[in-house]
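Going by the working numbering, the final residue of the sequence shown carries number 431, and the count climbs one at a time with no gaps.
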Amino acid sequence: MTVSQKIADHVRDLPEPEQIEVLDFIEYLETKARLRRSRDEAKEWSTLSLKSAMRGMEEEPSDYSMDDLKETF
């Protein structure tokens, strides 16, 4: 028996108000997963954009050295 079947069996035994509560929770979990995927995709695009912008800059000499710093942290 799959997890989906086990869940369906348990839900079938519940009164309708509790079934509605289970449905609300499932919809919450779906929304949470969708938001996580969107956030992960945005992070991937951000990383890709930064990598593209920085491409080739690793070999460039720095304009400043440690001696140019007035304050150190």
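In this text, a Cβ means the ideal position worked out from N, Cα and C, and glycines have one as well.
None of these values were measured; they are calculated from a predicted model.
{"query": "Short Cβ contact (8 Å threshold) for Val369 with Val361", "result": "no"}
{"query": "Lys428 versus Pro419: straight-line alpha-carbon distance, rounded", "result": "20 Å"}
{"query": "Boundaries of the alpha helix (DSSP H) in which Met398 is found, first to last residue", "result": "A small fix is needed here, since residue 398 is Asp in this sequence, not Met. Unbroken alpha helix (DSSP H) run through Asp398: 374–412."}
{"query": "Between the CA atoms of Met359 and Lys409 - distance to the nearest angstrom", "result": "47 Å"}
{"query": "Reduced DSSP secondary structure (H/G/I, E/B, other) of Lys364", "result": "helix"}
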